[in-house]
Amino acid sequence: MYRKTILDNGIRVISEEIDHVRSVSIGIWVLCGSRYEDPHTNGMAHFVEHMLFKGTRSRTAFDIA
Numbered sequence: 079m080y081r082k083t084i085l086d087n088g089i090r091v092i093s094e095e096i097d098h099v100r101s102v103s104i105g106i107w108v109l110c111g112s113r114y115e116d117p118h119t120n121g122m123a124h125f126v127e128h129m130l131f132k133g134t135r136s137r138t139a140f141d142i143a
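End of the sequence shown = 143 in the numbering used here, gap-free, step of one.
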């Protein structure tokens with residue numbers, strides 16, 4: 079059974095616990111990009127791209143993955 083949790087910051091988390099599985103799989107769907115951006119959130123898609131695929135000054139994209 080799936081469980082939907084809404085965090086204090088508004089992020090929605092959909093989870094499913096499978097008792098016999100000893101691993102974790104994560105999928106991230108981000109409602110951002112030109113379709114979802116307004117003047118307040120302009121540039122979020124570009125920010126997410128850099129964080130997920132290019133890393134940071136202290137962590138490479140491989141470290142984050």
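Just so you know, even glycine gets a beta-carbon here, dropped at the ideal spot from N, CA and C. The structure presented is a predicted model; accordingly, all values stated were derived computationally and were not measured.
Close Cβ partners of residue i (< 8 Å) along its chain, the five nearest in sequence each way excluded
| i | result |
| --- | --- |
| GLY121 | GLU115 |
| ALA139 | LEU130, PHE131, LYS132 and GLY133 |
Residue nearest to residue i in terms of C-alpha spacing, selected from the options
| i | options | result |
| --- | --- | --- |
| VAL108 | VAL91, ILE142 and ASP86 | VAL91 |
Interface flag, residue i vs chain B, CB-CB below 7 Å
| i | result |
| --- | --- |
| ASP97 | In the structure shown, chain B does not exist; there is a single protein chain. |
Next on the checklist: Quick check on the DSSP output: what are the complete alpha helix (DSSP H) runs of length 4 or more inside the stretch 82-134, in order along the chain?
Outcome noted: You should have 122-127.
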